[in-house]
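The block underneath contains the structure these notes are about, expressed in structure tokens.
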Amino acid sequence: MSIKQNWKSLHFFDCSLEASTFESWDDCLMTSSDQFTIKIRRDGTIFQYNSKFELINTWIGFQDSRCLHLSIANDTLIALAENTSNYPVIKCWNLLDSSKLLYNSVLEHNDEPHPISAFTISEDMSIAAIGLANGNMIIIHNLKDTIQTSEQFKSFRINLAIKEPITDLLFSRSENSLFILSPSSLLVSRFDSKGGYTISPLDDIGSQLNCLQMSPINSASVVVARDEALYLYGLEGRRATYALEGEKTFIKRFFKYIVLCMPSKSKPSVNSVTIIDLKFKYIAYKGDIAENVCEVLISGNKLHVLCDDGKVYTLHEKSVFSKLELLYKSNYYLLAFDIVADSKLEKYIEMDVHKRYADYLYQKNDYDLATQEYCKTIGYVEPSSIIRKFLDHQRIHDLVKYLQEVHYKGNANPDYTTLLLNCLIKIKDIDCLDSFITQSNNDNQVQFDLQTAVRVLRQAGYINHALQLSTTYLRHDDVLKIQIEDRKDWDAALKYLSRLSPDNVENYLHHYGRLLLEYNCQVTTHLLIELCSGSYRPKNADSDVTDQLSLRKSKFNSIAANTINYIGFNASNSSRNSSTEEDDVYKPPSPLKYFSQFINYPNQLIIFIESIMKLRFGIEFTSDNIIIKEVQSIYDEQNFNNVSASLNTILELYVQEAGASESPEIQRELHSKALMLIDNYERIPIDLNHALMICTIESFDEGKVKLWKFLEAYEEIIYHHMAQADTSTNREDEERSTDAIFESIKNFGKFVPRMYLVVLDFLSNNIEGHNNRTVIQNLLELIDNVRDEFTKKHMNDEVIRLPQMSEIVQILSKPGVHNGIVKEWIIRKVKEDEEKTKVDELLLMSYKEETIKKENQIKELNDVNKAQTFQNTRCSSTGERLELPAIHFACGHSFNMSVLADNETECPICARSHGMIRELRRNQKDLLEKHDTFIKGVSNEGFKLISSNFANKLF
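FYI, in UniProt numbering the residues of the sequence shown are 1 to 955.
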């Protein structure tokens with residue numbers, strides 16, 4: 001189909017004149033490759049040039065034959081000549097080996113010889129075709145192998161029956177096909193693997209010599225040049241027609257171009273070289289070269305135009321960037337797109353073309369198309385400059401389209417999101433705003449900055465849109481901010497929280513817990529209990545958390561009743577969720593982080609802690625005891641801090657709330673729970689010092705007394721009762737306080753002996769009348785009983801710390817103390833001391849007598865002149881009668897010889913006691929050398945240590 005073609009004329013090649021050593025090109029054949037250029041003259045002389053047209057070799061190729069065709073394939077020069085008998089002559093030379101002749105053969109066939117009109121070789125040199133002037137062809141198979149083996153060509157003749165010369169032949173590169181051109185027809189011959197062939201006509205028009213070339217568009221098509229047009233043919237027939245009038249001298253294929261040599265229209269005597277891109281339909285170069293162009297050679301990426309006068313013009317293709325600049329100047333942007341794509345340039349270059357094209361369209365006020373082109377540059381061109389262009393001309397709708405595309409392609413930043421939303425809000429395009437909010441890509445991921453979008457929508461008052469956006473893309477922070485801060489919808493916030501994962505609930509309750517407790521205290525407390533006890537499970541989206549967490553509407557009469565209700569609720573929840581998969585198990589957060597949320601709700605905090613203690617740590621508070629399921633779990637490293645801090649906190653709450661309550665019943669209940677915690681301090685990790693501080697601050701005397709007892713602060717207990725006695729306002733309170741003082745000194749006085757004197761002094765100063773005598777007598781009797789107890793147990797150090805008689809007498813000698821009390825007690829003590837003195841004197845006399853006796857025995861044993869008589873008749877070890885030989889020891893023990901071991905020189909009965917004494921003396925001597933031990937002992941018990949060392953004669 002013929003189409004009128006409007007060719008864009010460009011200048012993509014630079015032409016330069018090369019300094020040539022060639023002589024005239026008249027009546028010469030030429031061919032070239034990337035490395036060599038070959039010229040053969042009529043006389044058969046062959047000239048070999050390098051790529052710079054420098055002569056490097058020459059030789060005689062033919063003498064009796066006329067060369068008609070030249071071709072270079074794989075550095076092999078193949079020449080086809082015709083001898084005087086019109087038979088084809090084929091010669092081949094190796095151009096890399098000093099033009100070595102590889103092959104020389106005359107192709108003689110049985111038919112009448114005819115002049116050669118065309119010649120071609122396939123690219124792989126597997127087959128060659130020779131066209132004859134009578135319209136027949138000679139096909140040569142296995143050309144390459146035949147040349148290498150120097151065998152005779154195997155050929156066959158094809159009669160085309162066209163009765164006119166074959167003007168050109170060309171093998172297809174993609175298929176084993178041969179295109180055959182004559183002045184009036186175009187045919188194609190297909191060869192099969194068995195050597196057969198078929199011939200099919202393609203068109204009933206032909207062309208002259210050198211007007212057939214392979215198409216740069218498709219490897220299975222050819223271009224035929226005629227005066228009126230260029231025709232593109234495939235194996236199936238004509239494919240396209242490109243109108244281009246003018247006589248074509250010859251055509252060449254140069255990469256993606258077709259090179260035409262044509263007479264110039266302005267000067268018919270001058271040849272014009274035209275380079276055409278058939279794919280994109282433009283003229284890449286057109287210029288008048290010389291009077292007569294005889295050949296165009298291709299060497300690498302250059303075109304060499306050879307003229308008859310020996311001049312060589314070289315055409316250099318411009319770089320793709322230079323081409324683009326030319327296209328920009330001519331506003332050929334669509335062609336620029338084609339060239340960039342065909343050149344496989346980097347993406348940013350293509351985007352630059354789109355940007356320039358968009359600017360061009362924008363200047364022409366074609367805003368819609370310009371916006372489309374700008375959108376194509378997203379990701380490569382900075383959007384800020386384009387945005388500024390739209391803003392300067394107030395093209396808000398176009399700006400919206402562009403910004404939407406920026407977001408869709410994921411190249412938006414918070415500023416772009418802000419601008420887009422502000423534009424949509426300004427033009428009040430709610431539909432577009434809804435579409436923008438709901439847009440997502442295939443991965444269901446939002447294409448804009450969610451935080452910015454939500455912020456802008458909230459600021460503009462589009463709360464529902466902001467909530468929809470936050471909910472859709474699980475922006476939990478924003479959802480809760482909107483529900484709590486904007487809408488004040490506490491129930492909705494709690495409902496949304498109940499659907500989140502435990503980690504999220506933990507964080508958000510830590511942030512919003514105090515506010516939620518203020519407006520929905522009970523539901524929030526339930527949610528916290530579930531979370532911290534480990535029983536929390538996210539609810540379904542359609543569940544109503546308020547219904548699930550609803551409380552009984554009736555009021556409870558006490559905190560204990562509330563606690564039971566909460567714990568019961570969680571127990572039911574736990575059983576309901578007992579079948580939940582293991583994937584739902586999570587590590588409960590520490591309850592400590594939520595204590596501060598209950599700053600204004602102490603009763604709810606008590607419920608919270610009691611519930612957590614039972615459900616999570618297995619500690620249940622009953623009315624009169626604490627039940628612990630697993631004691632060991634409480635003291636685990638993970639649980640200890642939580643349990644300890646929680647128990648200390650709830651103890652503090654019990655005491656504080658009891659003090660703040662006006663109900664005696666609640667006070668008793670809370671004090672009872674506090675005392676129960678204190679009583680179980682050995683089973684649960686209660687900080688007694690902290691508890692004491694709280695009880696002191698809140699004036700909880702019963703708790704203080706218990707804690708002082710457990711902390712062994714017995715003095716504080718006694719002083720406490722003494723202080724109460726001082727502040728008593730009536731006789732009954734005074735007597736009660738006096739009894740408490742006596743009971744405390746009775747129970748704890750032995751641990752703090754100095755307090756006996758303190759109490760005695762206090763009683764003697766503050767108690768009068770008959771009660772004075774009774775209490776003081778009981779106290780003195782108590783001191784004596786304790787002294788006797790210590791004495792019996794040989795607790796001498798403790799006895800020393802008890803009040804001495806002189807100290808007691810000094811205190812009781814004060815005015816106001818009944819003299820009978822002192823007199824009776826002194827008489828009794830004097831009698832006891834006299835009796836003890838007599839006993840001590842008798843013991844002293846016995847010790848002296850025994851010492852004298854022992855000294856005399858030692859003297860007798862040491863007197864070698866005095867014989868010792870042994871009258872024992874029985875063995876001291878076995879009790880049997882002594883038999884000679886018997887062994888007698890100086891200590892008085894006698895043994896049979898058979899009883900003692902060999903070489904035994906010490907009495908076995910006395911040896912153990914003697915050894916202990918020797919070991920004791922050795923240790924005492926060693927102790928004298930250990931000065932650091934002595935100094936340490938002196939610092940602790942100086943008097944006791946020194947007296948002991950004196951007694952042992954270490955000084």
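Glycine included, each C-beta is placed from N, C-alpha and C at the ideal position.
Within 8 Å, strictly: CB atoms of residue i and residue j
i: residue 208; j: residue 183; result: yes
i: residue 486; j: residue 463; result: yes
i: residue 118; j: residue 166; result: yes
i: residue 790; j: residue 781; result: no
i: residue 454; j: residue 423; result: no
i: residue 34; j: residue 300; result: yes
i: residue 680; j: residue 626; result: yes
i: residue 12; j: residue 318; result: yes
i: residue 80; j: residue 36; result: no
i: residue 220; j: residue 178; result: no
i: residue 254; j: residue 261; result: no
i: residue 92; j: residue 77; result: yes
i: residue 433; j: residue 416; result: no
i: residue 650; j: residue 610; result: yes
Reduced DSSP secondary structure (H/G/I, E/B, other) of residue i
i: residue 907; result: coil
i: residue 233; result: strand
i: residue 579; result: Only weak support exists for where residue 579 lies, its pLDDT of 40 falling under 50; the coordinates are left without a value.
i: residue 252; result: strand
i: residue 42; result: coil
i: residue 411; result: coil
i: residue 897; result: coil
i: residue 473; result: coil
i: residue 864; result: coil
i: residue 82; result: strand
i: residue 305; result: strand
i: residue 547; result: Reliability of the predicted coordinates at residue 547 is poor, the pLDDT of 42 falling under 50, and the value obtained from them is presented with this limitation in mind. Reduced to three states, the DSSP call for residue 547 is helix.
i: residue 6; result: coil
i: residue 90; result: strand
Buried versus exposed, by CB contacts within 10 Å (16 or more), residue i
i: residue 665; result: exposed
i: residue 310; result: exposed
i: residue 914; result: exposed
i: residue 804; result: exposed
i: residue 149; result: exposed
i: residue 115; result: exposed
i: residue 52; result: exposed
i: residue 580; result: Note that residue 580 scores a pLDDT of 43, beneath 50, so its modelled location is shaky; the value from the coordinates is reported in the next line. It is exposed - the Cβ of residue 580 has fewer than 16 other Cβ atoms within 10 Å.
i: residue 930; result: exposed
i: residue 697; result: exposed
i: residue 342; result: exposed
i: residue 225; result: buried
Residue i: first and last residue of the uninterrupted alpha helix (DSSP H) it sits in
i: residue 225; result: Careful: residue 225 lies outside any alpha helix (DSSP H), inside the beta strand (DSSP E) at 221 to 225.
i: residue 521; result: 521 to 533
i: residue 436; result: 430 to 438
i: residue 359; result: 347 to 363
i: residue 959; result: Because the chain in this structure spans residues 1 to 955, residue 959 falls outside the shown range and cannot be described.
i: residue 708; result: 701 to 710
i: residue 337; result: 333 to 343
i: residue 146; result: 143 to 149
i: residue 689; result: 688 to 697
Start-to-end residues for the beta strand (DSSP E) that takes in residue i
i: residue 257; result: 257 to 263
i: residue 293; result: 293 to 299
i: residue 608; result: Note, residue 608: premise wrong, no beta strand (DSSP E); alpha helix (DSSP H) at 602 to 615.
i: residue 455; result: Residue 455 -> not in any beta strand (DSSP E); alpha helix (DSSP H) instead, spanning 450 to 460.
i: residue 197; result: 197 to 203
i: residue 666; result: Premise fails: residue 666 lies in the alpha helix (DSSP H), 664 to 679, not in any beta strand (DSSP E).
i: residue 888; result: 886 to 888
> Mind pulling the alpha helix (DSSP H) runs of 4 or more residues that sit fully within the stretch 728 to 764?
Replying inline: Secondary structure within the stretch 728 to 764: the alpha helix (DSSP H) runs of 4 or more consecutive residues, fully enclosed, are 731 to 748 (chain order).
>> Going residue by residue through the stretch 771 to 845, where are the continuous alpha helix (DSSP H) segments of at least 4 residues, counting only ones entirely within it?
In response: You should have 796 to 801 and 805 to 812.
> What alpha helix (DSSP H) runs, 4 residues minimum, are completely inside the stretch 618 to 645?
Replying inline: 631 to 634
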